[in-house]
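There are 2 protein chains.
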Amino acid sequence: MNEALNAYLAEKKEWFDDQLAKLFDHASITPKLKNSMLYSIKAGGKRIRPILLFATLHSFGRDEKLGLKTALGLEMIHTYSLIHDDLPAMDNDTLRRGQPTNHVVYGDGTAVLAGDGLLTAAFQMVADDQRLDAAVRVALIGMLAKAAGPEGMVGGQEDDLEAEGKLLHLEELMSIHKRKTGALIRFPVEAAAIIAEATELQTEALIRYSEHLGLAFQIGDDILDVVGDEEALGKTIGSDLANKKNTYVSLLRVDGAKEKLAQEVKQALANLKELGFEDGLLGDLARYLEKRTH
Amino acid sequence: MNEALNAYLAEKKEWFDDQLAKLFDHASITPKLKNSMLYSIKAGGKRIRPILLFATLHSFGRDEKLGLKTALGLEMIHTYSLIHDDLPAMDNDTLRRGQPTNHVVYGDGTAVLAGDGLLTAAFQMVADDQRLDAAVRVALIGMLAKAAGPEGMVGGQEDDLEAEGKLLHLEELMSIHKRKTGALIRFPVEAAAIIAEATELQTEALIRYSEHLGLAFQIGDDILDVVGDEEALGKTIGSDLANKKNTYVSLLRVDGAKEKLAQEVKQALANLKELGFEDGLLGDLARYLEKRTH
Numbered sequence: 001m002n003e004a005l006n007a008y009l010a011e012k013k014e015w016f017d018d019q020l021a022k023l024f025d026h027a028s029i030t031p032k033l034k035n036s037m038l039y040s041i042k043a044g045g046k047r048i049r050p051i052l053l054f055a056t057l058h059s060f061g062r063d064e065k066l067g068l069k070t071a072l073g074l075e076m077i078h079t080y081s082l083i084h085d086d087l088p089a090m091d092n093d094t095l096r097r098g099q100p101t102n103h104v105v106y107g108d109g110t111a112v113l114a115g116d117g118l119l120t121a122a123f124q125m126v127a128d129d130q131r132l133d134a135a136v137r138v139a140l141i142g143m144l145a146k147a148a149g150p151e152g153m154v155g156g157q158e159d160d161l162e163a164e165g166k167l168l169h170l171e172e173l174m175s176i177h178k179r180k181t182g183a184l185i186r187f188p189v190e191a192a193a194i195i196a197e198a199t200e201l202q203t204e205a206l207i208r209y210s211e212h213l214g215l216a217f218q219i220g221d222d223i224l225d226v227v228g229d230e231e232a233l234g235k236t237i238g239s240d241l242a243n244k245k246n247t248y249v250s251l252l253r254v255d256g257a258k259e260k261l262a263q264e265v266k267q268a269l270a271n272l273k274e275l276g277f278e279d280g281l282l283g284d285l286a287r288y289l290e291k292r293t294h
Numbered sequence: 001m002n003e004a005l006n007a008y009l010a011e012k013k014e015w016f017d018d019q020l021a022k023l024f025d026h027a028s029i030t031p032k033l034k035n036s037m038l039y040s041i042k043a044g045g046k047r048i049r050p051i052l053l054f055a056t057l058h059s060f061g062r063d064e065k066l067g068l069k070t071a072l073g074l075e076m077i078h079t080y081s082l083i084h085d086d087l088p089a090m091d092n093d094t095l096r097r098g099q100p101t102n103h104v105v106y107g108d109g110t111a112v113l114a115g116d117g118l119l120t121a122a123f124q125m126v127a128d129d130q131r132l133d134a135a136v137r138v139a140l141i142g143m144l145a146k147a148a149g150p151e152g153m154v155g156g157q158e159d160d161l162e163a164e165g166k167l168l169h170l171e172e173l174m175s176i177h178k179r180k181t182g183a184l185i186r187f188p189v190e191a192a193a194i195i196a197e198a199t200e201l202q203t204e205a206l207i208r209y210s211e212h213l214g215l216a217f218q219i220g221d222d223i224l225d226v227v228g229d230e231e232a233l234g235k236t237i238g239s240d241l242a243n244k245k246n247t248y249v250s251l252l253r254v255d256g257a258k259e260k261l262a263q264e265v266k267q268a269l270a271n272l273k274e275l276g277f278e279d280g281l282l283g284d285l286a287r288y289l290e291k292r293t294h
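If you read the sequences in order, they're chains A and B.
Just so you know, the numbering used here puts 28 at position 28 of the first sequence, and the rest follows in order with no gaps.
Just so you know, the numbering used here puts 204 at position 204 of the second sequence, and the rest follows in order with no gaps.
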């Protein structure tokens, strides 16, 4: 990984993880529910979505603190989606990042409620953000709800449920991913554009960047599932194939998926070039996604 | 029921039900997910929470349309809570209002997602409400999220889960209900106070009214579960007792619960008197809650 990117990721991740750990310090919440929510919040992860928001603000020369509460809300929503996705009613996964999933530790009922609680509190977080104007906050909330809701992530999860056991075409797979994982990768970039008062043209280029980046991210995950290092990945290599999931690798084989990944990264970078951002953190992030599978 | 209240309820319920049916007309949502959300949204119910919002606006001489989107968001959140509450992971109920519950019709996975989708889209609804200032919208969203989230309804549901099979004291039961059902009965009254620009004193009296009303509503439900008309109620009489749930009737017997109900209604009305609202719709609603169990 590029040294500047590495230093930025490490610094921001530490700062952000500290803030996450304090999420419910001043809230009056029944202990088991609070523990259940914090268990999954603290379970780690690369915090790639918040980092994207911070890196975009940074590219515009704006203070990352302006995006802190939005990033916290976003990570709460990402975390809730993992808790619900792992439920027996959904993917029925018992391990995530090498740890028992939420419902395994706290029971199915509390896991449902922990997800509901994180999702709900995420909007409270953004609504109460005193650093931003009310007009900016309602724009962010409307956009976050659209990205995470039935037209976005939740809709993609439903399509994914319905696609189980069916063989998809590449276009169908891309359409599901655009909502299931892409919407919450596009959101932080677009949110930062709003906070930084980007022009319409800048915002459009950033959105295109984020859409290519989102696909690159998903394709990279699929490749790593087949060729990756089991320990570094925190899950069983080849589990997607064993579960007969539709992935870019199952449709394009490893070589075709790598080629598709390279194309998406190239297009992401082309959009950054329009903004003069291709040599900065956002460019480094895109280039990193390609390198991590080689 | 009082004639003026009856006419108001019928008129507003019809208007509101029409709006609910059109909720996702212009949204691009995968069909099964949309059908699942609309199935529970259209499953009826008295729409008591939206009616409270409208009746409070009416008491201040304000147009009910100002509260429409907030009321839609509120009813979406109430509906999501019923879908998740009925899941096998929670209460495992197969019937609600005489109809199969959401997961029975659409499967557990889609029911989880339908609940998630309604909850998320509720905040989009309020954020996008062009009739209200951005500052009012963020205040409403923050308040709605707090009422519905881990410090409110979701917290009460968790306490309720943990209380299963335990014998509670009256104070504990009241504390659970204050969050589990009370928070979403208080919200519409407080939301209307914000929209109507009520004074601080007026708002405080309205909140006290809504808290007594919320308890009266719950106590009434518990009494009806034992002495009610099965058909009118849409569920099996005595099901709470059969499920060994803690209720006001199990703690106070029917006579004691009726006495407690009368006290709550009396206190609700005393707070309305401070506002000069006791003879209007809000007073009628409180008086109706007492009468419906006699």
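Even for Gly, the Cβ is constructed at its ideal location relative to N, Cα and C.
Small disclaimer: the values here were computed from a predicted structure and weren't measured.
According to DSSP, residue pairing for A/Gln-99 in a beta bridge involves A/Arg-96. Annotation: B/Leu-144 to B/Gly-73 spans about 9 Å, alpha carbon to alpha carbon. From the beta-carbon of B/Ala-121, the residues of chain A found nearer than 7 Å are Ala-145, Gly-149 and Pro-150. Against B/Arg-137, the close residues of chain A are Val-138, in the order they occur along the chain (beta-carbon pairs closer than 7 Å). A contact between stretches requires three or more CB pairs, one per stretch, nearer than 8 Å, and the segment 117–132 of chain B meets this requirement with the segment 32–47 of chain B. Residues of the segment 18–45 of chain B that bring their beta carbon within less than 9 Å of a beta carbon in chain A comprise Phe-24, Ala-27, Ser-28, Ile-29, Thr-30, Lys-32, Leu-33, Lys-34, Ser-36 and Met-37, in sequence order. Residues of chain A whose Cβ lies closer than 7 Å to the Cβ of B/Val-254 do not exist; the shortest such Cβ separation is about 30 Å. B/Asp-18 counts as exposed, since fewer than 16 other beta carbons sit within 10 angstroms of its beta carbon. A/Leu-167 sits exposed, since fewer than 16 C-beta atoms from the chains shown fall within 10 Å of its C-beta. Taking B/Asp-284 as the centre and dropping the five residues before and after it, the same chain places the C-beta of Asn-2, Ala-4 and Leu-5 closer than 7 Å to its C-beta, in chain order. Here B/Lys-22 is exposed: its Cβ has fewer than 16 other Cβ atoms, across all protein chains shown, within 10 Å. Spanning the alpha carbons of A/Asp-128 and A/Ala-27 requires a straight line of approximately 14 Å. The residue among A/Ala-10, A/Leu-20 and A/Thr-199 with its C-alpha nearest the C-alpha of A/Ile-77 is A/Leu-20.
B/Met-1 carries a coil assignment under DSSP once its states are collapsed to helix, strand and coil. The beta carbon of B/Gln-157 falls within 7 Å of a beta carbon belonging to chain A, placing the residue at that interface.
Straight-line spacing of the CA atoms in B/Ala-10 and B/Arg-137 works out to 28 Å. If you check each beta-carbon in the segment 98–115 of chain A against every beta-carbon of chain B, the ones closer than 9 Å belong to His-103, Gly-107, Asp-108, Gly-109, Thr-110, Ala-111, Val-112, Leu-113, Ala-114 and Gly-115. One alpha carbon belongs to B/Leu-161, the other to A/Ala-111, and they sit about 12 Å apart. Note that the C-beta distance between A/Ala-216 and A/Glu-264 is below 7 Å. B/Phe-187 sits in a helix when the DSSP states are folded into three classes. For B/Met-76, the nearest beta carbon of chain A is not closer than 7 Å to its own beta carbon. Note on B/Leu-170: under 16 other CB atoms within 10 angstroms of its CB, so exposed under the neighbour-count rule.
Around the beta carbon of A/Thr-70, 16 or more other beta carbons sit within 10 angstroms, so the residue counts as buried.
In the three-state reduction of the DSSP assignment, A/Gln-130 falls in the coil class.
Below the 8 Å Cβ cutoff, chain A contributes no neighbours of B/Ala-163, its closest Cβ being approximately 11 Å away. Between the alpha carbons of B/Ile-194 and A/Phe-123 lies a gap of roughly 19 Å.
For B/His-177, the enclosing alpha helix (DSSP H) has its first and last residue at 170–177. Of A/Thr-203, A/Gln-218, A/Arg-131 and A/Gly-155, the smallest CA-CA separation from B/Asn-35 is found for A/Gly-155. If you draw a straight line from the Cα of A/Gln-267 to the Cα of A/Thr-199, it comes to about 21 Å. With 16 or more other CB atoms across the displayed protein chains lying within 10 angstroms of its CB, B/Arg-96 is buried. The beta-carbon of B/His-169 is placed no less than 7 Å from the nearest beta-carbon of chain A.
About 7 Å separates the Cβ atoms of B/Ala-148 and B/Leu-184, confirming a contact at the 8 Å cut-off. Contact between B/Arg-186 and B/Ser-210 is confirmed by a C-beta separation of about 4 Å, below the 8 Å threshold. Among the residues facing chain A, B/Ile-185 is not included, as its CB has no counterpart in that chain under 7 Å away. Contact note: B/Gln-124 reaches chain A through Ile-141, Gly-142, Ala-145, Lys-146 and Gly-149, using a C-beta cutoff of 8 Å and chain order. In the structure shown, the three-state DSSP call for A/Asp-221 is helix.
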